[in-house]
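Enquirer: I'd like to ask you about the structure that follows.
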Amino acid sequence: MSISLKVSKREDLTKSNTKQLRESGQVPGVLYGKDQDPQPIAVDSIELLKTIRDQGKNAILTLEIADDQKVDVMFHDYQMDPIKNELLHADFYKANMSEAMDVSVPLKVVGEPKEGILQQPLFEVQLRAKPGDIPEEVSIDVSNLNLGESLTIADLTADDKYEILDDQEKTIVTILQPDAFKEPEQLPEEDAEAESSEENDKE
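Structure (structure tokens):
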């Protein structure tokens with residue numbers, strides 16, 4: 003079941019109107035797609051931000067536009083103000099529920115390794131799937147990993163609902179020695195001063 007958002011069409015696209023729009027609690031955006039002419043819209047900022055946080059960036063939404071028009075969409079992109087943590091703009095792409103699309107999905111690490119420190123260089127996986135089959139996340143279990151072992155894209159559980167696009171050899175997690183993260187030991191203050199004095203005497 004998709005989440006519904008009420009939006010309004012925008013006619014005035016001037017900077018002054020955009021500023022007024024944001025001050026009134028609305029976010030400017032654009033709806034577009036293969037068979038959809040770009041349509042400037044506005045949506046309530048609080049409702050939209052809540053939807054992003056609760057449903058994720060790959061959620062299927064139903065935009066309710068004027069004249070009882072309803073359009074199934076997905077987020078294409080959105081911009082945030084990093085200081086105020088407010089939405090500045092949002093782009094929506096009209097979803098074709100029967101056509102596969104390429105998306106990025108979060109990777110979720112499950113469990114704890116038997117030993118060592120877990121290092122995770124990859125946090126998202128690239129998938130191709132129909133909109134209704136896109137998972138919220140893809141999990142990978144690390145509870146059987148020992149020191150020095152790794153898991154790659156090839157270790158992800160196969161699913162017939164989507165195709166994984168990333169290189170099969172790309173590393174997701176690696177288990178390292180704990181001392182690999184230790185900072186270099188610092189000399190005691192007295193030793194450091196003595197060493198500095200010796201270096202000065204040599205000059």
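Under my numbering, the first residue of the sequence shown carries the number 3, and numbering increases by one thereafter.
All C-beta atoms, glycine included, are put in the ideal place defined by N, C-alpha and C.
Computed from a predicted model, the values in this text were never measured in an experiment.
1. Would you mind stating whether V144 and V175 have Cβ atoms separated by less than 7 Å?
2. Taking the alpha helix (DSSP H) that S47 falls in, what are its first and last residues?
3. Tell me the rounded alpha-carbon separation between S6 and D169.
4. DSSP puts F77 in a beta bridge; with which residues?
5. Once the 5 residues before and after Q227 are set aside, which same chain residues still bring their CB inside 6 Å of it?
6. In chain order, what residues of the same chain have a beta carbon less than 6 Å from the beta carbon of Q41, not counting five sequence neighbours either side?
7. Out of curiosity, what's the CA-to-CA distance linking D162 and E138?
8. Considering L15, what are the terminal residues of the alpha helix (DSSP H) in which it resides?
9. Is it right to say M99 is buried, meaning 16 or more other beta carbons lie within 10 angstroms of its own, or is it exposed?
10. Please state if the CB of T159 and the CB of T173 are separated by a distance shorter than 7 Å.
11. May I have the straight-line CA-CA distance separating V29 from E117, to the nearest angstrom?
12. Report yes if the CB atom of I43 is closer than 7 Å to the CB atom of V75, and no otherwise.
13. So which of E126, I62 and A156 has the shortest CA-CA distance to V132?
14. DSSP on I67, reduced to helix/strand/coil?
15. For L124 versus V107, is the C-beta distance shorter than 7 Å?
16. Rank A97, D39 and L15 by C-alpha distance to the C-alpha of L65 and give the top, closest one.
17. Closest to M82 by C-alpha separation, out of Y95, R55 and D104, would be which residue?
18. Where does the unbroken beta strand (DSSP E) through Q28 begin, and where does it stop?
Expert: Taking the geometry as given:
1. For the purposes of this step, residue 144 is taken as the residue at position 142 of the sequence shown. For the purposes of this step, residue 175 is taken as the residue at position 173 of the sequence shown. Contact: yes.
2. Within the sequence shown, numbered from 1, the residue matching residue 47 stands at position 45. Where S47 is concerned, the enclosing alpha helix (DSSP H) starts and stops at S47 to Q57.
3. By 1-based counting over the sequence shown, the position of residue 6 is 4. By 1-based counting over the sequence shown, the position of residue 169 is 167. Across the structure, S6 and D169 are spaced so that their CA atoms are roughly 36 Å apart.
4. To locate residue 77, count along the sequence shown from 1; it is residue 75. Answer is F94, bridged to F77.
5. Residue 227 is absent from the structure shown; the chain starts at 3 and stops at 205.
6. Within the sequence shown, the letter at position 39 stands for residue 41. These residues qualify, in order along the chain: L33.
7. As a position in the sequence shown, residue 162 is number 160, starting the count at 1. As a position in the sequence shown, residue 138 is number 136, starting the count at 1. Each residue's alpha carbon lies about 16 Å from the other.
8. The residue you call residue 15 lines up with position 13 of the sequence shown. Membership of L15 in any alpha helix (DSSP H) is not indicated, and neither H nor E is assigned to it by DSSP.
9. In the sequence shown, residue 99 corresponds to position 97, counting from 1. The residue is exposed, with fewer than 16 neighbouring Cβ atoms inside 10 Å.
10. Position 171 of the sequence shown, counting from 1, holds the residue named residue 173. Position 157 of the sequence shown, counting from 1, holds the residue named residue 159. Cβ distance not < 7 Å, so T173 and T159 don't count as in contact.
11. For the purposes of this step, residue 29 is taken as the residue at position 27 of the sequence shown. For the purposes of this step, residue 117 is taken as the residue at position 115 of the sequence shown. V29 and E117: Cα-Cα distance of roughly 48 Å.
12. Sequence index remark: in the sequence shown, residue 43 carries index 41 (1-based). Sequence index remark: in the sequence shown, residue 75 carries index 73 (1-based). It is not a contact, given that the beta carbons lie outside the stated cut-off.
13. Translated into positions along the sequence shown, residue 132 becomes position 130. At residue 132 the sequence reads Lys, which differs from the Val that was named. A check of alpha carbon separations from K132 across E126, I62 and A156 identifies I62 as the nearest.
14. What you label residue 67 is simply residue 65 of the sequence shown in a count that begins at 1. In this structure, DSSP gives I67 an extended state, which the three-state scheme calls strand.
15. Indexing the sequence shown from 1 puts residue 124 at position 122. Indexing the sequence shown from 1 puts residue 107 at position 105. No, these two residues do not count as a Cβ contact at 7 Å.
16. Taking the first residue of the sequence shown as position 1, residue 65 is located at position 63. Here the closest residue by C-alpha is A97.
17. Against the sequence shown, residue 82 aligns to sequence position 80. Per the C-alpha coordinates, the member of Y95, R55 and D104 positioned closest to M82 is R55.
18. Position 26 of the sequence shown holds residue 28. Under the DSSP assignment, Q28 falls in the beta strand (DSSP E) whose first and last residues are Q28 to G35.
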